[in-house]
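Take a look at the structure set out below.
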Amino acid sequence: MRRFTVYDSRTREVRLFAPLHPPRVGMYVCGLTPYAAAHVGHARTFVFFDVVARALRRWGYRLFYVQNVTNLDDKLIARAAEEGTDPLALAERHFAEYRAAMEELGVTSVNYYPFATDYVPEIVAQVRVLVDRGFAYRAPDGSVYFSVAKFPKFGELSGQNVAALRPGARLELDADKRSPEDFVIWKAATPGEPAWESPWGPGRPGWHVEDTAITERLLGARYDLHGGGIDLIFPHHEAEIALSESATGEAPSVNYWMHGGALRLAGEKMSKSLGNVLPLSEALEAFGPGPVRLFLTNVQYRGPLEFDRERSLPEAREAYDRLRLPYDRFSALLAQAGAAGAGREPPEELAAQATSLVERLDTTLAADFDTRGAVALLFGWVRRLAEPGVELDGLSAPALELLRSPLDWAREVLGLFAEGGAASGSDEAPGIEVALAARARARGRGDFAEADRIRAELAHRGIEVEDRSDGPRWRRVPVG
RNA sequence: GCCGAGGUGGCAGAAUGGUUAAUGCGACGGACUGCAGAUCCGUUUCCUGGGGGUUCGAUUCCCUCCCUCGGCUCCA
Numbered sequence: 000m001r002r003f004t005v006y007d008s009r010t011r012e013v014r015l016f017a018p019l020h021p022p023r024v025g026m027y028v029c030g031l032t033p034y035a036a037a038h039v040g041h042a043r044t045f046v047f048f049d050v051v052a053r054a055l056r057r058w059g060y061r062l063f064y065v066q067n068v069t070n071l072d073d074k075l076i077a078r079a080a081e082e083g084t085d086p087l088a089l090a091e092r093h094f095a096e097y098r099a100a101m102e103e104l105g106v107t108s109v110n111y112y113p114f115a116t117d118y119v120p121e122i123v124a125q126v127r128v129l130v131d132r133g134f135a136y137r138a139p140d141g142s143v144y145f146s147v148a149k150f151p152k153f154g155e156l157s158g159q160n161v162a163a164l165r166p167g168a169r170l171e172l173d174a175d176k177r178s179p180e181d182f183v184i185w186k187a188a189t190p191g192e193p194a195w196e197s198p199w200g201p202g203r204p205g206w207h208v209e210d211t212a213i214t215e216r217l218l219g220a221r222y223d224l225h226g227g228g229i230d231l232i233f234p235h236h237e238a239e240i241a242l243s244e245s246a247t248g249e250a251p252s253v254n255y256w257m258h259g260g261a262l263r264l265a266g267e268k269m270s271k272s273l274g275n276v277l278p279l280s281e282a283l284e285a286f287g288p289g290p291v292r293l294f295l296t297n298v299q300y301r302g303p304l305e306f307d308r309e310r311s312l313p314e315a316r317e318a319y320d321r322l323r324l325p326y327d328r329f330s331a332l333l334a335q336a337g338a339a340g341a342g343r344e345p346p347e348e349l350a351a352q353a354t355s356l357v358e359r360l361d362t363t364l365a366a367d368f369d370t371r372g373a374v375a376l377l378f379g380w381v382r383r384l385a386e387p388g389v390e391l392d393g394l395s396a397p398a399l400e401l402l403r404s405p406l407d408w409a410r411e412v413l414g415l416f417a418e419g420g421a422a423s424g425s426d427e428a429p430g431i432e433v434a435l436a437a438r439a440r441a442r443g444r445g446d447f448a449e450a451d452r453i454r455a456e457l458a459h460r461g462i463e464v465e466d467r468s469d470g471p472r473w474r475r476v477p478v479g
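Going letter by letter, the first sequence gives residues 0 to 479 in numbering that gives the first Met the number 0.
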């Protein structure tokens with residue numbers, strides 16, 4: 000197991016990671032509330048934790064990665080009412096879209112997506128423990144609230160001082176609460192909404208308790224990693240600590256808290272509430288998963304990231320091509336080498352550099368998941384490969400694989416180059432090859448008008464043609 | 001107001017108590033090309049919010065001010 004460090008939001012320091020039960024690692028990441036389509040901001044968080052999961056597995060940890068789905072809450076109920084549908088069905092639909100987008104993005108590391116409503120017995124049980132132990136109370140309306148005053152550590156994660164919280168617009172001054180900072184863990188049923196029976200009357204789970212009931216069941220009273228967006232620190236994660244540690248009597252419930260920075264659009268956080276979102280599906284359709292993943296992993300995960308509709312993804316596409324084209328070239332050469340048998344060996348120095356670079360990539364990432372630093376190393380490698388004197392043609396298959404290994408690392412850990420053979424020169428589109436042959440004949444007889452016409456026609460179909468020294472090649476590009 | 005994260009080149013964004021402040025995008029020049037693109041080479045030389053302090057040396061550590069963003073019981 001490779002050692003790595005991670006910034007822990009609770010202690011506010013970079014710490015050496017030590018699992019509770021090596022080599023096993025439990026990781027819980029707050030998923031989304033699927034009341035609307037996922038956007039690029041969501042992707043930032045989930046792509047990052049996907050990289051974390053890929054890295055941990057590569058480094059020899061046996062990771063169990065859980066990402067919950069809040070498939071019932073006020074927003075879902077409100078949205079469903081607007082659309083005249085059932086909130087659970089609405090959540091199901093948006094979650095299916097989310098999964099499809101994640102699949103396309105290569106976010107394949109999550110072991111299990113528990114739905115809140117599938118854990119109602121666990122939630123009721125945890126609420127009961129909290130009530131029995133005096134941490135929570137039933138209000139007259141049948142809701143159950145957690146009494147923040149009973150948990151002195153409340154505020155430790157966020158640095159908030161309960162007394163200083165502004166009882167503002169959002170902090171409901173609810174007559175049912177004994178204290179304004181108390182939060183609901185069991186919501187009394189409203190007619191027409193989904194409800195479950197409980198010792199306190201019919202109702203549904205509150206937001207925070209769904210996570211703590213699920214984590215206690217799936218990961219135990221204490222587990223290794225908890226992740227989520229930075230906007231969840233308060234109140235959500237603060238409340239989770241209070242609930243878990245009060246219910247189980249064990250602390251700390253979470254050994255390492257990881258929070259991903261926000262994606263900003265024109266200086267503001269991209270969010271459904273603000274309405275300034277770029278739907279993930281649009282980004283994927285226009286640019287494909289590679290540029291999106293590169294854009295999102297090309298920064299330190301904790302800080303804010305500025306997203307510009309006009310520039311960010313087009314820039315990322317250019318940058319991504321610098322990495323992907325060499326990767327594709329290796330793939331093509333390997334296909335040839337496999338057929339042709341033995342080939343040359345690479346210069347010793349280059350081979351040694353490839354090997355040491357892979358190690359450097361791992362050590363770079365092992366320093367608090369420095370994806371940005373790793374990407375910089377990858378660019379350095381493709382520059383090295385492009386230097387005069389580096390001849391890849393004719394290398395043996397093992398040699399090609401060795402020189403490709405840093406890029407394979409990027410595929411395995413960062414999830415790049417996963418968009419299935421978009422490589423040119425394949426026989427997947429014979430029509431394109433026919434057109435290119437016709438264009439080659441036109442160029443041969445000096446009929447450049449015809450050659451350009453064919454090129455324009457292919458461009459119209461989303462096929463970009465490049466005349467290289469070794470002949471034309473094509474690739475798919477987004478149209479428009 | 002309180003809590004938290006930030007302010008680095010045209011843009012996005014790294015890093016370190018010390019030789020030319022990474023990387024990418026963009027721009028410019030060149031090679032190559034019928035042209036374009038891609039690729040390669042070169043250039044983009046005096047970029048670390050303001051002011052103090054510590055130090056031989058600060059972008060980095062300390063103080064202060066200004067600004068931006070996030071959270072303050074919707075949020076990835």
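Virtual Cβ for every residue (Gly too), placed ideally from N, Cα, C. Computed from a predicted model, the values in this text were never measured in an experiment.
Simplified DSSP assignment, three categories, for residue i
{"i": "Thr4", "result": "strand"}
{"i": "Trp256", "result": "strand"}
{"i": "Tyr97", "result": "helix"}
{"i": "Gln159", "result": "coil"}
{"i": "Arg127", "result": "helix"}
{"i": "Lys271", "result": "coil"}
{"i": "Glu411", "result": "helix"}
{"i": "Val276", "result": "coil"}
{"i": "Leu31", "result": "coil"}
{"i": "Pro471", "result": "strand"}
{"i": "Tyr118", "result": "helix"}
{"i": "Leu217", "result": "helix"}
{"i": "Asp85", "result": "coil"}
{"i": "Val208", "result": "helix"}
{"i": "Val39", "result": "helix"}
{"i": "Leu164", "result": "coil"}
{"i": "Gly228", "result": "strand"}
{"i": "Val433", "result": "helix"}
Residues near residue i in its chain [Cβ-Cβ closer than 7 Å; skip 5 each side]
{"i": "Ala366", "result": "Thr4"}
{"i": "Gly133", "result": "Lys149"}
{"i": "Pro86", "result": "Leu71, Leu75, Ile76, Ala79 and Pro193"}
{"i": "Arg316", "result": "Phe286 and Pro290"}
{"i": "Ala318", "result": "Leu293"}
{"i": "Met0", "result": "Pro21, Pro22, Trp58, Gly59 and Tyr60"}
{"i": "Trp199", "result": "Arg137, Gly141, Val143 and Trp185"}
{"i": "Phe233", "result": "Ser157 and Gln159"}
{"i": "Pro33", "result": "Val68, Asn70, Ala90, His93, Phe94 and Tyr97"}
{"i": "Gly424", "result": "Note on Gly424: pLDDT 41, under 50, position unreliable in the model; the coordinate value appears next. Contacts found: Ala331 and Arg472."}
Residues near residue i by beta carbon distance below 6 Å, same chain, minus five either side
{"i": "Gly414", "result": "Gly105 and Arg292"}
{"i": "Asn254", "result": "Asp223"}
{"i": "Leu364", "result": "Ala54 and Ala373"}
{"i": "Pro471", "result": "Leu435 and Val464"}
{"i": "Phe16", "result": "Phe3 and Val5"}
{"i": "Thr214", "result": "Tyr27"}
Sheet register partners of residue i (DSSP bridge)
{"i": "Gly202", "result": "Ala187 and Trp195"}
{"i": "Arg23", "result": "His20 and Arg61"}
{"i": "Phe145", "result": "Ala135 and Phe182"}
{"i": "Tyr222", "result": "Val253"}
{"i": "Val13", "result": "Tyr6"}
Other residues of its chain near residue i: CB distance less than 8 Å, five sequence neighbours each side excluded
{"i": "Pro405", "result": "Ala353, Leu356, Val357, Leu360, Leu376, Leu377 and Trp380"}
{"i": "Leu332", "result": "Leu391, Asp392, Leu394 and Leu399"}
{"i": "Pro139", "result": "Asp175"}
{"i": "Gly274", "result": "none"}
{"i": "Ser178", "result": "Ser146, Val147 and Ala148"}
{"i": "Ala124", "result": "Ala212"}
{"i": "Glu500", "result": "Residue 500 lies beyond the residue range present for the chain, which begins at 0 and ends at 479; the question has no answer from this structure."}
Segment contact flag, the segment 218 to 229 with the segment 19 to 28, C-beta cutoff 8 Å, min 3 pairs: yes
In chain order, each beta strand (DSSP E) run of at least 3 residues that lies wholly inside the segment 286 to 315: 304 to 306
The segment 120 to 130 touching the segment 245 to 259, judged by at least three CB pairs closer than 8 Å: yes
The segment 345 to 360 contacting the segment 372 to 381, beta-carbon criterion three pairs below 8 Å: yes
The segment 295 to 306 in contact with the segment 326 to 344 per 3-pair CB rule at 8 Å: no
The segment 335 to 354 contacting the segment 394 to 407, beta-carbon criterion three pairs below 8 Å: yes
Validate contact between the segment 137 to 149 and the segment 95 to 113 using beta carbons, cut 8 Å, 3 pairs: no
Sufficient close CB pairs (3 or more, under 8 Å) joining the segment 430 to 442 to the segment 299 to 314: no
Contact between the segment 55 to 63 and the segment 32 to 47 (3+ Cβ pairs under 8 Å): no
The segment 199 to 214 in contact with the segment 111 to 121 per 3-pair CB rule at 8 Å: yes
4 or more residues per run - each alpha helix (DSSP H) lying fully within the segment 312 to 400: 347 to 364 and 370 to 384
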